[in-house]
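Participant: Protein chains in written order, with this note's numbering: chain A, 1 to 139; chain B, 1001 to 1188.
We treat Cβ as the ideally placed atom computed from N, Cα and C, and that holds for glycine.
1) So, does the CB of residue 1022(B) fall closer than 8 Å to a CB anywhere in chain A?
2) State the beta-bridge partners of residue 44(A) as determined by DSSP.
3) Is it the case that the Cβ atoms of residue 105(A) and residue 85(A) are separated by a distance below 8 Å?
4) Report yes if the CB atom of residue 1123(B) is closer than 8 Å to the CB atom of residue 1145(B), and no otherwise.
5) Rounded to the nearest angstrom, what separates residue 36(A) and residue 112(A) at their Cα positions?
6) On the DSSP letters alone, give me the boundaries of the beta strand (DSSP E) that residue 1049(B) sits inside.
7) Whole alpha helix (DSSP H) runs in the region 75-139 of chain A with 4 or more residues, listed along the chain?
8) Count the other CB atoms, across all protein chains shown, that sit within 10 Å of the CB of residue 55(A); report buried if there are 16 or more and exposed otherwise.
9) Among 1160(B), 1178(B), 1111(B) and 1083(B), whose alpha-carbon lies nearest the alpha-carbon of residue 58(A)?
10) How close, in whole Å, do the beta carbons of residue 1047(B) and residue 1085(B) come, if the pair is a contact with beta carbons under 8 Å?
11) Report buried or exposed for residue 953(B), applying the criterion of at least 16 other Cβ atoms within 10 angstroms of its Cβ.
12) Give every residue of the same chain whose Cβ lies closer than 7 Å to the Cβ of residue 133(A), excluding the five residues on either side of it in the sequence, and list them in chain order.
13) Strictly below 8 Å CB to CB, what residues from chain B border residue 123(A)?
14) Who are the neighbours of residue 1161(B) on chain A, taking C-beta pairs under 8 Å?
15) Going by the beta-carbon positions, is the gap between residue 107(A) and residue 101(A) smaller than 8 Å?
16) Using three-state DSSP, classify residue 1166(B) as helix, strand or coil.
17) Just list the beta strand (DSSP E) runs in the region 1040-1123 of chain B, keeping only unbroken ones of 3 residues or longer that don't cross its boundaries, in chain order.
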């Protein structure tokens, strides 16, 4: 009887530990913020936030996304691509100095953050064409 | 005789396990071309876009919201300053062919999850058309819609997630939009 209780207690402890989301899952990323930013953000030589966001939206539509949300004041656009898989992106644009916009992109593929620089490079290449401006690397 | 068939059974098992792991890991990574324009991107853009003359962006958005409502969509989000309307509708995904197949399979004791519901999502985006000198025009707009669908089966599992690319769907939408614009312009 006593052994049964201990086994039950141990089992539930294991189950609960499995359910509890770790801090790493909620807050963390595999890479440092500096590393992430090096490939997730670019600067463009324009002070026009509206035009930048409109270009972001049209680039996302070109890439097969459906927009989920857009907010001019906050400078964010979120969109989802469904193509047998699910890819979510949030792109933000905010002023950098007086004559640049800083564009930051985050992608999530299925249930994982995309932490491979290549897809972000592809996104900024497509965005450059839509904006008729060069994307500058930011340090 | 191939190398693998000469190997000990243990090695073979390991190889199978490793390749299975590689396949599973492959499933979790983003496809190579997910964020690159494909050869049919331009064609899709033409299918999904229309240029509309003689209307302001605000009036066009109002007319578009009307069409979406006519089609039974609910507006989820909008940011008119960026020309964006997001709408969706939930509908039954029952399909006679699938049900027949499921019944046939059930006769032999197999379970086949039939599609039950679907959510159709639309994002409708407008932008001012450009004049010859590259400046935005107040009285001509370009509108683009993108549509996607999520289907759940009777087990409440996502059974299908894809983009709608049937030209007839877009044509139907733009036909209705033309009528709605006419009504919108009449009201002014």
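Facilitator: So, from the listed chains and residues:
1) Bear in mind that the predicted position of residue 1022(B) carries a pLDDT of just 45, short of 50, making it too unreliable to give a figure here.
2) In the DSSP secondary-structure assignment, residue 44(A) is bridged to 101(A).
3) no
4) The Cβ atoms of residue 1123(B) and residue 1145(B) lie closer than 8 Å to each other.
5) The C-alpha of residue 112(A) is placed about 15 Å away from the C-alpha of residue 36(A).
6) Residues 1049-1053.
7) Whole alpha helix (DSSP H) segments, 4+ residues: 117-131.
8) buried
9) 1083(B)
10) Actually they do not touch by this definition, with Cβ atoms about 19 Å apart.
11) Look at the range of chain B in this structure, 1001 to 1188, and you will see that residue 953(B) is not part of it.
12) 44, 45 and 46
13) Here the neighbours are 1035.
14) 82, 83, 84, 85 and 86
15) Taking C-beta atoms as the reference points, residue 107(A) and residue 101(A) fail to come closer than 8 Å.
16) coil
17) 1049-1053, 1074-1079 and 1084-1092
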